[in-house]
Amino acid sequence: MAPPSDTRPVVISGPSGVGKGTLYNLLFQRHPDTFCSSVSHTTRGPRDGEKHGEHYHFTTMENFEQLIAQDAFVEHAKFGGNRYGTSKQTVADQSAKGRVVVLDIEMEGVKQIQEQRARGSSLDARYVFIAPPSVEILEQRLRGRGTETEENVQKRLKQALIELEYSKTPGVHDKIIVNDDLEKAYKELEDFVFQAKQ
Ligand code: ADP
Ligand code: 5GP
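For the numbering used here, count along the sequence shown from 1 and bump the result up by 2.
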């Protein structure tokens, strides 16, 4: 398959546990030379199997705050009691590889990038929202992943309702994909990222 003609970064958002990581990891596996992750910074601890510099740059709250003071982030937000941010350096390094950069960020980060864009700066990106078939199924997936404490599951589900409401705002997302059947949702994502610039 020829590389996408639209090489703008792709911002993927959606509630925790909806399957964002599952979907874009398939994109990375099936098109290994075409896409790359923006590798965010986070103050949360690594889950089993997560590698520093690959899944996240795992960092301390102190270091994260220093990076904010240095204006090192494209965007940053608090989520579930931790901080997450996309560093300008990481996006520049990954874009320099000539690949389409994929950002997995929550709602406040999406808002920040879009506000900066409206003022004429920051990333010119494409925005995809991944929605669950239902809130019940989202909860099953989040619990089924087995990575969160009960307290964190509750925080993430509460935030999920806010994110789902926000996804209805006209003009925020270029594409909304319901992740029901995985291969069907994957195909929609793949078709979207490979489609010509609108
Ligand atoms: P996110 O990155 O959005 O937090 P994950 O990709 O970690 O979500 O997916 C959460 C859980 O849901 C994982 O256990 C994953 O295997 C499962 N999952 C993802 N997509 C589907 C799907 N379409 N059908 C069933 N389970 C799914
Ligand atoms: P998790 O802890 O499950 O990896 O991620 C929790 C939430 O943080 C997800 O909604 C994910 O999209 C979001 N997230 C991950 N990295 C970033 C980032 O750099 N910026 C923002 N704003 N959100 C992020």
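Backbone N, C-alpha and C define an ideal beta-carbon position, used for all residues, glycine too.
Cutoff 6 Å; reference residue i; Cβ partners in own chain excluding five residues on either side
i, result
"L125", "P11 and I115"
"M63", "T45"
"P5", "T36"
"E110", "A79"
"R49", "T149"
"R128", "R10, V12 and D176"
Paired residues, beta bridge with residue i - DSSP
i, result
"L125", "For L125, which the question treats as bridged, DSSP gives no partner whatsoever."
"N84", "F81"
"A133", "V180"
"I14", "D106 and V130"
"T61", "T61 pairs with nothing; no bridge assigned."
"S7", "DSSP output for S7 lists no bridge partner at all."
"H33", "Bridge partners of H33: none, in fact."
Within 7 Å, strictly: CB atoms of residue i and residue j
i, j, result
"V174", "L105", "no"
"R158", "S18", "yes"
"T61", "V76", "no"
"K199", "D8", "yes"
Separation of residue j from residue i, as counted between CA atoms
i, j, result
"C38", "A74", "20 Å"
"N154", "E167", "20 Å"
"F30", "Q68", "31 Å"
"L184", "I70", "37 Å"
"T171", "V20", "19 Å"
"E56", "R85", "18 Å"
"R147", "H33", "25 Å"
Selected residue, minimal CA-CA separation from residue i, among the options
i, options, result
"E190", "D8, Y26 and T9", "Y26"
"G82", "V195, Q161 and A187", "Q161"
"K22", "I179, D193 and N65", "I179"
Close beta carbons around residue i, own chain, < 8 Å, minus the five adjacent residues each side
i, result
"R101", "D35, T36, F37 and C38"
Own chain residues within Cβ distance below 7 Å of residue i, not counting five before or after
i, result
"T92", "S40 and V41"
(message) Beta-carbon distances below 5 Å to any heavy atom of ligand 4 define the shell here; list its residues in chain order, please.
(response) What this structure holds is ligand 1 and ligand 2, not ligand 4.
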